[in-house]
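Here's the structure we're looking at; comments come further down.
There are 2 protein chains.
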Amino acid sequence: MAERVQIAPTVRTCPGNADGGRKMFNDNSSKTTVRDNGVIKGAPRPNNRRRIYVTGSNETIKVPFEEVLLSSTMEANGSTTPNDPVRLYFTEGPECDPEVGLDELRREWIIARGDVEEIEGRKSQIRDDGRKRQRLNLLGDKQETEVPKFLSKQRSVLRAKSGANVSQMYYARKGEITNEMEYVAIREGVTPEFVRSELAIGRAILPSNINHTELEPMIIGTNFLVKVNSNIGNSAVTSSIKEEVEKLKWSTHWGADTVMDLSTGPDIHTTREWIIRNSPVPIGTVPIYQALEKVDGNPAELTWEIMKDTLIEQAEQGVDYFTIHAGVLLRYVPLTAKRVTGIVSRGGSILAAWCLAHHKENFLYTNFEEICEIMKAYDVSFSLGDGLRPGSIADANDDAQFGELDTLGELTQVAWKHDVQVMIEGPGHVPLHLINENIERQKRVCFEAPFYTLGPLTTDIAPGYDHITSAIGAAVIGGGGTAMLCYVTPKEHLGLPNKNDVKDGLIAYRIAAHAADLAKGHQGAKQRDDALSKARFEFRWEDQFNLSLDPDTARSYHDETLPATPAKTAHFCSMCGPKFCSMRITQDVRNYALEHGVEDSEAVSLGLEEKAKEFVAGGSQIYLESIK
Amino acid sequence: MAERVQIAPTVRTCPGNADGGRKMFNDNSSKTTVRDNGVIKGAPRPNNRRRIYVTGSNETIKVPFEEVLLSSTMEANGSTTPNDPVRLYFTEGPECDPEVGLDELRREWIIARGDVEEIEGRKSQIRDDGRKRQRLNLLGDKQETEVPKFLSKQRSVLRAKSGANVSQMYYARKGEITNEMEYVAIREGVTPEFVRSELAIGRAILPSNINHTELEPMIIGTNFLVKVNSNIGNSAVTSSIKEEVEKLKWSTHWGADTVMDLSTGPDIHTTREWIIRNSPVPIGTVPIYQALEKVDGNPAELTWEIMKDTLIEQAEQGVDYFTIHAGVLLRYVPLTAKRVTGIVSRGGSILAAWCLAHHKENFLYTNFEEICEIMKAYDVSFSLGDGLRPGSIADANDDAQFGELDTLGELTQVAWKHDVQVMIEGPGHVPLHLINENIERQKRVCFEAPFYTLGPLTTDIAPGYDHITSAIGAAVIGGGGTAMLCYVTPKEHLGLPNKNDVKDGLIAYRIAAHAADLAKGHQGAKQRDDALSKARFEFRWEDQFNLSLDPDTARSYHDETLPATPAKTAHFCSMCGPKFCSMRITQDVRNYALEHGVEDSEAVSLGLEEKAKEFVAGGSQIYLESIK
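As they're listed, the protein sequences go chains A and B.
Here the first sequence is numbered in our numbering, starting from 1 and rising by one per residue.
Here the second sequence is numbered in our numbering, starting from 1001 and rising by one per residue.
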């Protein structure tokens, strides 16, 4: 952690005060706003949380946080001491009508840079919405794809002017601090210059397609808070567009920092449009899924032209990062032959099938520079896919996996030559003792480009509980420096996640990411633990609930045993059960030590003698009260 | 892991075949038995699991396993290859009528050693059943405590003859291999001599009170499978005796290796009697909880005489290990004054209160040798309690915690002087990066006595999900060498666990323990992962479910999306969703590589060319089929 440059104690908890002139902001999601030291604050909502905005060096930079208001500490002498509110990193975005989508907050930033042009964009085709839609049309099914109202806006497409590069890495390398960089600096509690320098050397990415103007910028890198991705998306048999938008909202509500739309079912183009227009967080995709739909599911018929068309289609919609399986090289494919579970990545298997069918090198690899040209015209970031990741404990850290990783490192340098942002995807299934090798090797061969791992799952034996098998691995690899964790839900290996599974997966991964932040010594992260534990110790139950990842669940579990209000308000409550009596005794120890300035052993010994007399004189009644 | 002496690939999965003459055993829990190579096997039960027994060098040693029967692999050429059954470590014990209790399988072993005597034992007193029972009696409440039928058996109490030591450590140090040692050797798949030697040097314990004759012996040590403890027990407001017995059964069903009865409510003595008489696993307690009840909840009134009386009472009932907070020394108490959460251990706070009230040294410390005399007369093992464990991230690894740990190391040597078995309890709340220091320090200062940790929780911010925050820490500390993990349920910090919470806690901890076994390179553990992953790869859904920690949940999650039977029987099923199509492609890669003996890169390259032609000729139809 020597490289970490910590400017202010910060985030997922508290960024401290940002500098710069602050202006009043009309917060649509909360009618009441107050202004407090230049920070715009909404009215407290349930759980004593309220939305606040910290403005940057210009009024268009308004960074959202959630602030938890705490009650006061009751001191031993009966006086009270207020507790500072705790600021939480906030991913949910503003409320909006899903049929309209979010405001295009970033549009003026992008236009103002003067390096983009508005174009008509690629014409939408019927095959963009997938095979099922094509078939329905062939069969004369007149049922139309739902068209969101906002499409009637005739939204224009932005693209870099000819020869221009609009990637955040490009700006960073020129020494320019963009509004996006300042935004994430406030969000993370670091200086804008630190953000810029991390982007410039490729140790972080700021995924922000110029066509995703609704985005609230965020950053992914080992020297920032560990991020979490959730996967949503329909399949041939399940889900409607509105359900997917609901899963998006649900994901950001539970703390997803990015969301991948992995749809493979009908209306794939339209579903993505709805998702992006409603998303405050970066959206990632695996474009080859859609390309495969365009060739009716036959990998052998994939061509570079179809892939390129798909990349442009999605870039124009505003996808922020593409998973590109360009490391699945022909020579690595047979290395999977002796594995217990072969190739488990869908993208990896599609490319392997293509390579085998044509006995040619992976067309994503051979056309990689041309992909870079597309990426930099829209600022789409690479998420270089691990198509050969292990699918079982037995296959972890093998030659196929690490061979591909070497190639991803080579491709990282190609992308960086084009000033295109890159992160690297990682496994998968890895037992605990082999995790460290993954992160250390990735850092080395990929030159510290951000690592983005799926779990890893630390055992194969618990289908139905893979949010737990993988949260263990995720916390460990996150603590080791992984920048973003791709969640795994309880349904992994068994079925597509529903809304509850999305929540379970995200809570498990918020835990893993936070445990990793603590392991990395993140002071801002620890503030939240300390505030919660202080509330717990002081019997401030509501504060404890409100500071927790899931206040409603914490409250309801508590209320199952002790539903009465007094149990949540009494400071030293005899109803609280044995667990908390012990805290009462410590309170006495502490008060005594503080009053007498007890510091060293001798003083302690003297003090205890005095305390002992006092206790005997008082009949030790407080213990009788507290332990029952 | 250099010290690990692995005799046979083994357990939680498969101990291989034990040697010695085997006899037919009448398995009461399964009417049908078959005999197969001397191993007694019951009829398959749901989930294709069946109880089997491996007999040892004499017919009284019958070690239970659960065997999972697997279907055959369908090879590419249409032939089938059978898959060996997988043996699982089994903690559930035989079925029994809870009002009668389990058979006293160990009684004859103990008697035969000739070093015990049957005694009348301590007379039961009204105060043994706690304050509430006392008050009810004072109030003239005639409602009697439920008396289990087996008490009418007039069960006699066993105790070491005067001057004798009946601890397994004592026998081990004499070079004697007891039936208990042979039993656990079969269970763990190691030699009896290895078990003996680990017990002799104190690196493992075999908790087995001579009055817990119903016990199925097990071992706790860093060179054996990682074990899991579950806590049950009533409180002043909840639970009946029968509910607690049900929680015991539920615990062992979900894989608890030991169970602690932490009852503090009414009928504390009688509840414990029912639990022990029904328990196939070692039972642990915190005797000071009951001692405190005997003095009406006032720690200052505790005396060594009351504590001693309680230790003997519980030793005569058959408690296998006692948590003794003898390391909470007077001088450590003030070190907790500046903590965020002070003293969170109930036992620790009781002792701290006693020390403060009397300004005297902890009476468990000053009477420790006399405690050892009691322990060795019944073979009760020490679980030296960490009364000063950290209760928050902020307090981890502080002077109070490590001061107490040093004292526990000193006490370990005192206990070992008496040939009394010892394990050491550990934290608590510890962030990931501080976990390693805990295990390394414990090994050093406690001379490799087994470590038994509560979690640790790796963050404080997720009340309601502490089975997950702590499973992360448990897996890591287990992988580092912790011998037993004390589970944490979702209700930790919020309320007493119900039956579902017990299950959730145990599943999370079975995952953590297994992940730790894999990290320690346990070959037997890995066999289960490999068998499950092979089943997954070969679309043997039922085998995958049956090998999992919770087959019913895995099956039901699968069936939510694809309930049809064909989805669980088809070998290469187009209905299985995108995830599994990728496996189909690997199957082709693998078959090809095997057929052609492809080994090195050149051969691979040639092979691919041939494969490519074949694919193009075949119209690549299999992909069309598989990816949709």
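From the three backbone atoms N, C-alpha and C, an ideal C-beta is built for every residue, glycine too.
| Query | Result |
| --- | --- |
| Chain A within 9 Å of A1483/B, Cβ atoms only | no |
| Beta bridge counterpart(s) of N1231/B as assigned by DSSP | M1260/B |
| Inside the region 407-474 of chain A only - alpha helix (DSSP H) runs reaching at least 4 residues | 432-445 |
| For Y1062/B, the first and last residue of its enclosing beta strand (DSSP E) | Here residue 1062/B turns out to be Lys, not Tyr, going by the sequence shown. Unbroken beta strand (DSSP E) run through K1062/B: K1062 to V1068. |
| Residue-level contact to chain A via CB, F1363/B, 9 Å cutoff | no |
| T1561/B - DSSP class collapsed to helix/strand/coil | helix |
| Within chain A, partners of A1400/B - CB distance below 8 Å | Residues of chain A passing the Cβ test: none, with the nearest at roughly 10 Å. |
| Cβ contact check for the region 447-467 of chain A and the region 1486-1494 of chain B: 3 or more pairs under 8 Å | no |
| CB contact below 9 Å: T1010/B versus chain A | Confidence at T1010/B is low in this model, with a pLDDT of 35, below 50, so the placement of that residue should be treated as unreliable; the coordinate-derived value is given next. No, its Cβ sits nowhere closer than 9 Å to a Cβ of chain A. |
| Cβ separation of G1121/B and E1273/B, assumed to be a contact under 8 Å, to the nearest whole Å | At roughly 12 Å, the Cβ-Cβ gap does not stay under 8 Å, so G1121/B and E1273/B are not in contact. |
| Limits of the unbroken beta strand (DSSP E) element including Y53/A | R49 to T55 |
| Listed by chain order, chain A residues near V1589/B by CB distance under 8 Å | V333, P334, T336, A337, G342, I343, A352 and L356 |
| L496/A in three-state terms, based on DSSP | coil |
| DSSP three-state assignment for G1121/B, whether helix, strand or coil | coil |
| Residue nearest to A291/A in terms of C-alpha spacing, selected from T80/A, V333/A, F363/A and Q421/A | F363/A |
| Same chain only: Cβ atoms within 8 Å of L262/A, ignoring 5 sequence neighbours per side | N231, I232, G233, T285, V286 and Y289 |
| Where the alpha helix (DSSP H) containing Y183/A begins and where it ends | N179 to E188 |
| Contact residues within the region 1450-1474 of chain B, judged by C-beta distance below 7 Å to chain A | T1458, T1459, D1460, I1461, A1462, P1463, G1464, Y1465, I1468, T1469, A1471 and I1472 |
| C-beta contact flag for P1390/B and V1328/B at 9 Å | no |
| Exposure of D460/A, with buried meaning 16 or more beta-carbon neighbours within 10 Å | buried |
| M1024/B versus F1065/B - alpha carbon distance | Below a pLDDT of 50, predicted positions are generally treated as unreliable, and M1024/B, at 30, falls in that range; the measurement from the model is reported next regardless. Rounded to whole angstroms, M1024/B to F1065/B spans 15 Å at the Cα level. |
| Assigned secondary structure, K1023/B (DSSP; H/G/I helix, E/B strand, else coil) | Its pLDDT being 31, under 50, K1023/B is placed unreliably by the model, and nothing is read from it. |
| Beta bridge counterpart(s) of C1486/B as assigned by DSSP | N1229/B and L1454/B |
| Nearest residue (CA-CA) to S652/A, options T303/A, P282/A, N179/A and K62/A | In the structure as shown, chain A starts at 1 and stops at 628, and residue 652/A therefore has no counterpart that could be examined. |
| C-alpha distance - D967/B paired with A1200/B, whole-angstrom precision | The structure shown does not extend to residue 967/B, since chain B spans only 1001 to 1628, so no value can be given for it. |
| First through last residue of the alpha helix (DSSP H) which encompasses R528/A | Q523 to F537 |
| Contacts that L1518/B makes with chain A (C-beta to C-beta distance below 8 Å) | I393, P431, L432, H433, T458 and T459 |
| Supposed close pair G473/A, L457/A - CB separation, criterion 8 Å | 6 Å |
| Same chain, Cβ closer than 6 Å to A400/A, neighbours up to 5 away in sequence not counted | Y332, L335, T336 and L388 |
| Counterpart residues of Y1089/B in DSSP-defined beta bridges | F1065/B |
| For R1159/B, the first and last residue of its enclosing beta strand (DSSP E) | V1157 to A1160 |
| Chain-ordered neighbours of E1560/B on chain A, where CB pairs are closer than 7 Å | G495 |
| Contacting residues, own chain, Cβ-Cβ under 7 Å from E602/A (five flanking each side not counted) | Note that E602/A scores a pLDDT of 44, beneath 50, so its modelled location is shaky; the value from the coordinates is reported in the next line. Answer for E602/A: no residue qualifies. |
| Within 7 Å of chain B by C-beta, residues of the region 61-95 of chain A in sequence order | none |
| Cβ-based contacts, 8 Å cut-off: residues of the region 1523-1540 of chain B near chain A | K1526, R1528, D1529, D1530, L1532, S1533, K1534, R1536 and F1537 |
| Chain-ordered chain A contacts of S1491/B [CB-CB under 7 Å] | According to the sequence displayed, residue 1491/B carries Lys and not Ser. Correct list: Y557. |
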